[in-house]
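Novice: Start counting at 1 in the sequence shown, then tack on 439, and there's your number in UniProt numbering.
Where a beta carbon is used, it is the ideal one built from N, C-alpha and C, also for glycine.
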Amino acid sequence: TAKNAGGNTYRFFSSEMKGVFLSKIQLENDLRSALKTEGQFQLYYQPVISSGEEKVMACEALLRWHHPLRGILSPLEFISTAEKTGLIVPLGEWIIRQACTDLLHFDHVLEDELVLSVNISPVQLQQQNFVGRLKMIVDQYHVSPERIQLEITENGLMENTSDSLNTFRQLRELGFGIAIDDFGTGYSSFSYLKQFPVHCLKMDKSFVKDLPREQADRAIVSSTIKLGKDLGLVMVAEGVESKEAYEYLATIGCPFLQGYFFSEPVPLPEFTKFVLERRTEC
Ligand code: C2E
Ligand code: MG
Ligand code: MG
Ligand code: MG
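#1: Inspect the beta-carbon positions of Ile535 and Val562 and report whether they are closer than 8 Å.
#2: Is Phe514 a contact residue of ligand 1, with contact defined as CB to any heavy atom under 7 Å?
#3: Quick check: the segment 642-656 against the segment 606-616, are there 3 or more CB pairs under 8 Å?
#4: Who are Asp620's beta bridge partners in DSSP?
#5: Please enumerate, following chain order, all residues with a beta carbon closer than 6 Å to at least one heavy atom belonging to ligand 2.
#6: Quick one: what's got a C-beta closer than 7 Å to Gly445's C-beta in the same chain, skipping five residues either side?
#7: For Leu515, count neighbouring C-beta atoms within 10 Å of its own C-beta (all shown protein chains included) and say buried if the count is 16 or more, exposed if not.
#8: I'd like to confirm something about Lys641: is its beta-carbon nearer than 7 Å to some heavy atom of ligand 3, or not?
#9: Is it buried or exposed, Asp602, if we count other Cβ atoms within 10 angstroms and call 16 or more buried?
#10: In angstroms with no decimal places, state the Cα-to-Cα distance between Glu593 and Ile619.
#11: Measure the beta-carbon distance from Val487 to Glu499 and round it to whole angstroms, keeping in mind my assumption that it falls under 8 Å.
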């Protein structure tokens, strides 16, 4: 009967939803215990290459979670839970501390001053006295703010506009670099580029990875690079996966490149090895 079917449907949905619900709680619990345990979180590094001399100019720290049961997890699988639960605040602080430790290691091993990019969640920016806490941490490690670039997505920029404008101005004044991540995919508008003290744009990989095949990608990427350069911004193309994409980007004058074609994000020892090997090749 219809009533029975309804009952079944109800049970069906309810057990499905329970599954989703439980796994979110589980993820939250696992995140909490991971924050208390050494060694579950790790920063991987991906090089940012200058297109002329093919030198490593900078690197981006990308978080990995060695989950005890589920293996290595990408932030895409847990950052939003960390944001909703507020756990992104202690996690974000761990990330900044680890990035400072690693930067000092790079300075020592590479004898070269790379810029280190760190992804920042909008939830961290809205934290009370984010700027002060960040400054305190980098001071503790004797890392100069000029060495750290903060990456934030366009949508992150848009949340809480007047507050975040203020936060960004303070960060810039202290010397931190600010990059807009995944540029072109969010709700950005030209007025933000004019208003915000941004100094770098990272073009989203969705426009880059299939270059130079599609006319639309070519049009978007080449005009964005021109715009960025005219605005005096540092332009980075993310998601450079092929030699063809790299060559196209070099031809149109994209100054900085990042992607699997050069290196995937790798653990720290592999990253330093990559930089050193590349240097002896030149
Ligand atoms: P994102 O900041 O835009 O980072 C670039 C993502 O693209 C990384 O994914 C990277 O592994 C991937 N990627 C790099 N080169 C290529 C390529 O050539 N082709 C393709 N298809 N992909 C490429 P990942 O590491 O999974 O990180 C995903 C996102 O998670 C990041 O996007 C960033 O928004 C966020 N995230 C990563 N680490 C952190 C962190 O420490 N804190 C916060 N708040 N977010 C983070
Ligand atoms: Mg990023
Ligand atoms: Mg990106
Ligand atoms: Mg992103």
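Specialist: If we stick to the structure as given:
#1: The residue you call residue 535 lines up with position 96 of the sequence shown. The residue you call residue 562 lines up with position 123 of the sequence shown. It is not a contact, given that the beta carbons lie outside the stated cut-off.
#2: Here residue 514 refers to the residue found at position 75 of the sequence shown. Reading off the sequence shown, one finds Pro at residue 514, where the question assumed Phe. Yes, Cβ of Pro514 sits closer than 7 Å to a heavy atom of ligand 1.
#3: no
#4: If you number the sequence shown from 1, residue 620 lands on position 181. Asp620 pairs with Thr592.
#5: Glu499, Asn558, Glu590, Asp620
#6: Residue numbering aside, residue 445 sits at position 6 when the sequence shown is read from its first letter. Summary for Gly445: the model assigns pLDDT 43, below 50, so the residue's position carries little reliability; its value from the coordinates is reported in the next sentence. Within the same chain, no residue comes within 7 Å of Gly445 by CB-CB distance, once the 5 residues on both sides are set aside.
#7: For the purposes of this step, residue 515 is taken as the residue at position 76 of the sequence shown. That one is exposed.
#8: Along the sequence shown, one-based indexing puts residue 641 at 202. Under cutoff, so the answer is yes.
#9: Within the sequence shown, residue 602 is the residue found at index 163, counting from 1. Exposed: under 16 other Cβ atoms inside 10 Å.
#10: Here residue 593 is taken as the residue at index 154 of the sequence shown, counted from 1. Here residue 619 is taken as the residue at index 180 of the sequence shown, counted from 1. Rounded to the nearest angstrom, the two C-alpha atoms are 6 Å apart.
#11: Taking the first residue of the sequence shown as 1, we reach residue 487 at position 48. Taking the first residue of the sequence shown as 1, we reach residue 499 at position 60. That belief holds up - the Cβ atoms of Val487 and Glu499 are roughly 7 Å apart, short of 8 Å.
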